[in-house]
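>
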Amino acid sequence: MFAFDCHQQRFAVPFDYPVYFTKDLFHPQNPLFALAVDRYNEDRVHRMMVFIDSGVVQAMPHVPERIRAYIGARPANLRLEGSIQVVPGGEQSKNSWEYARQTIKAIADRRLCRQSFVVAVGGGSVLDAVGLAASLIHRGVRLIRVPTTVLAQNDAGVGVKNGINDRGVKNFMGTFAPPFAVLNDFQFLRTLSIEHWLGGVAEAFKVAIIKDRDFFYYLSRHATRLRARDEASMEETVKRCAILHLDHIRTTGDPFESGSARPLDFGHWSAHRLEALSDYDISHGQAVSIGMAMDCFYAFGLGLLSEKECDAIMDAFKESGLRIWSELLEQRTSTGDLEILKGIDDFQEHLGGELNVTLPDGIGKKVEIHQIDPVRVGEAISCLKRNSERIPRSLLQGASKKRSGILEERQEESFEPQ
Ligand SMILES: NC(=O)c1ccc[n+]([C@@H]2O[C@H](COP(=O)([O-])OP(=O)(O)OC[C@H]3O[C@@H](n4cnc5c(N)ncnc54)[C@H](O)[C@@H]3O)[C@@H](O)[C@H]2O)c1
Ligand SMILES: [Zn+2]
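Number 420 marks the last residue of the sequence shown (the working numbering); no jumps.
Right, here's the structure in full:
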């Protein structure tokens with residue numbers, strides 16, 4: 003009775019964008035920024051607007067002037083439209099539509115076209131909010147990201163997502179929109195608070211624990227150096243982690259996450275909830291290390307991680323200064339349920355379909371589970387609380403003394419799941 007005439011439409015769009023690592027990006031003689039803007043060798047002057055995180059301006063007041071001078075010195079190639087716009091840094095920039103809207107207005111006022119550039123300089127939050135605005139105008143203005151935190155350089159800034167929080171839900175609004183280029187300048191990391199220096203270390207542990215055992219050992223061996231702000235260790239950490247993220251996006255067959263799995267989101271179902279529960283007092287990086295720590299004990303309860311592996315992970319977290327505990331994990335609703343469990347509902351609603359939670363399966367491998375048992379979550383929280391009070395082995399034995407010995411031993415441990 004009902005006839006259908008269907009013309010199946012199908013095409014693939016190749017995306018490519020370079021992710022560079024450099025130092026002193028806006029040094030007058032550093033050609034990288036100009037080269038990245040002109041990577042299609044277009045014969046014209048490139049118009050651009052620059053949006054910069056207020057935290058960057060506060061820590062390095064000379065940066066806007068340096069950017070202005072850099073662009074101004076290349077009038078044949080680059081043109082700055084309007085003044086450099088300062089966007090309030092941190093989660094506030096994406097915790098409502100306000101700053102994304104202001105960005106849209108600023109870009110509309112200067113009448114940028116789709117071939118013009120929006121340059122976003124800042125932490126993951128500012129990149130997310132400005133990136134969202136750029137992706138909406140004319141259905142997408144070219145976006146150059148200049149990430150300035152560890153987390154932005156090794157995770158948030160190198161991927162394909164933008165977003166803001168809305169309706170009390172983290173990243174409720176957003177788009178998938180690959181950037182035109184990403185320019186990571188390690189010098190920006192020098193002025194970070196220790197909290198935001200370490201935030202990206204949490205994300206590095208995340209990919210290492212579920213994807214790359216050798217990287218986990220690298221992080222464990224360099225934990226105290228990372229905590230002490232050793233730049234060489236951090237640069238290696240940022241690069242390896244960024245590359246793992248890029249590999250993941252390129253090779254897993256679902257760069258725009260149309261499926262219901264989010265395999266890189268180990269520790270994140272509870273992390274996003276913790277951030278919201280704390281009214282964003284707990285930063286994303288801190289929430290991720292706490293979320294991973296809890297999920298490690300959940301994995302231990304399922305026999306996916308051995309006690310030795312769990313201890314190795316917790317020791318490495320503690321040695322590198324990562325936070326693994328928050329009282330909010332124990333907070334209960336009026337009906338007696340753990341508040342944190344609402345994170346599961348949010349997570350499933352966000353992704354749709356079957357629940358998929360990524361857990362480590364030994365160190366360096368992962369497994370997806372499709373159910374979270376509230377009782378086991380409670381047990382994992384109790385184990386984590388006890389562990390959070392335990393001093394790591396290396397600190398007990400005297401940091402410098404047998405440090406290399408411990409780490410060699412750690413590298414040789416078999417870590418077989420029990
Ligand atoms: N889009 C994605 O794929 C993706 C992935 C992971 C995380 N994120 C998001 O990233 C956000 C977290 O980003 P973040 O960890 O970079 O923190 P952030 O952007 O919130 O910045 C943290 C603080 O550091 C300041 N700051 C930034 N650069 C600085 C510098 N060089 N020196 C001194 N201070 C500086 C900021 O002003 C802010 O106060 C979260 O909202 C998270 O959801 C997005
Ligand atoms: Zn994250």
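Using N, Cα and C, we set each Cβ at its ideal position, and we do this for glycine too.
Do residue 239 and residue 204 count as a contact pair if the criterion is CB distance below 9 angstroms?
no
> At which residues does the beta strand (DSSP E) containing residue 146 begin and terminate?
144-149
> How about residue 386 and residue 331: do their beta carbons lie closer than 9 angstroms?
yes
> Are the beta-carbon atoms belonging to residue 222 and residue 317 less than 9 angstroms from one another?
yes
> Do residue 149 and residue 176 have their C-beta atoms closer together than 9 angstroms?
no
> What residue range is occupied by the uninterrupted beta strand (DSSP E) comprising residue 362?
Residue 362 -> beta strand (DSSP E) spans 359-362.
> Mark residue 297 as exposed unless 16 or more other C-beta atoms lie within 10 angstroms of its C-beta, in which case mark it buried.
buried
> Would residue 179 pass as a contact of residue 133 if the rule is Cβ separation under 9 angstroms?
yes
> Taking 7 angstroms as the limit between beta carbons, can you name the residues of its chain near residue 129, skipping five residues before and five after?
122, 147, 149, 154, 158 and 159
> May I ask which residues mark the beginning and end of the alpha helix (DSSP H) holding residue 253?
Residues 233-253.
> In the DSSP assignment, the alpha helix (DSSP H) including residue 163 goes from what residue to what residue?
Here residue 163 belongs to no alpha helix (DSSP H); instead the beta strand (DSSP E) covers 163-168.
> How far does the beta strand (DSSP E) with residue 96 in it reach, from first residue to last?
Careful: residue 96 lies outside any beta strand (DSSP E) and carries neither H nor E.
> Helix, strand or coil: which one does DSSP assign to residue 261?
coil
> Does residue 165 pass the burial test, meaning 16 or more other C-beta atoms within 10 Å, or should it be called exposed?
buried
> In the DSSP output, which residue or residues are listed as bridge partners for residue 368?
362
> In chain order, what are the residue ranges of uninterrupted beta strand (DSSP E) at least 3 long that sit wholly in the segment 30-109?
48-55, 80-82 and 87-89
> What's the call for residue 236, buried or exposed, on a 16-neighbour Cβ count within 10 Å?
buried
> Exposed or buried, which one is residue 392 when buried takes at least 16 other CB atoms within 10 Å?
Answer is exposed; the Cβ neighbour count stays below 16.
> Candidates 314, 287, 10 and 305: which alpha carbon is nearest residue 325's?
Checking every option, the nearest Cα to that of residue 325 belongs to 287.
> For residue 130, is the beta carbon positioned less than 8 angstroms from some heavy atom of ligand 2?
Flag unset: Cβ of residue 130 not near ligand 2.
> Using CA coordinates, which residue listed in 388, 369, 46 and 142 is at the minimum distance from residue 211?
369
> How about the segment 242-259 and the segment 273-287: do they share at least three Cβ pairs that are nearer than 8 angstroms?
no
> What is the C-beta distance between residue 22 and residue 38, in whole angstroms, given that I count them as a contact (C-beta under 8 angstroms)?
7 angstroms
> Tell me which residues share the same chain as residue 303 and place their Cβ nearer than 7 angstroms to its Cβ, disregarding the 5 neighbours each side in the sequence.
378, 381 and 382
> Is the Cβ-Cβ distance between residue 188 and residue 25 less than 9 angstroms?
yes
> Quick one, are the C-beta atoms of residue 209 and residue 270 less than 9 angstroms apart?
For the 9 angstroms CB-CB criterion, residue 209 and residue 270 do not form a contact.
> Among the candidates 95, 364, 350 and 96, whose CA atom is the shortest distance from the CA of residue 310?
Among 95, 364, 350 and 96, the Cα nearest to that of residue 310 belongs to 364.
> Which of helix, strand or coil does DSSP assign to residue 208?
helix
> Do residue 116 and residue 141 have their C-beta atoms closer together than 9 angstroms?
yes
> When you compare only the Cα positions, how much space is there between residue 47 and residue 83?
12 angstroms
> Once DSSP output is grouped into helix, strand and coil, what is the label at residue 187?
strand
> Using 10 angstroms around the beta-carbon of residue 407, count the other beta-carbons present and answer buried if the total reaches 16, otherwise exposed.
The predicted position of residue 407 is uncertain, since its pLDDT is 42 and thus under 50; no value can be drawn from it.
> Using the three-state DSSP reduction, which class does residue 175 fall into: helix, strand or coil?
strand
> When the Cα of residue 228 is compared with those of 57, 114, 201 and 245, which residue comes out closest?
201
> When we look at the beta-carbon of residue 345 and count the other beta-carbons within 10 Å, is it buried (16 or more) or exposed?
Buried, since its Cβ has 16 or more Cβ neighbours within 10 Å.
> Going by C-alpha distance, which of 51, 320 and 335 is nearest residue 389?
That would be 320, whose Cα lies nearest to the Cα of residue 389.
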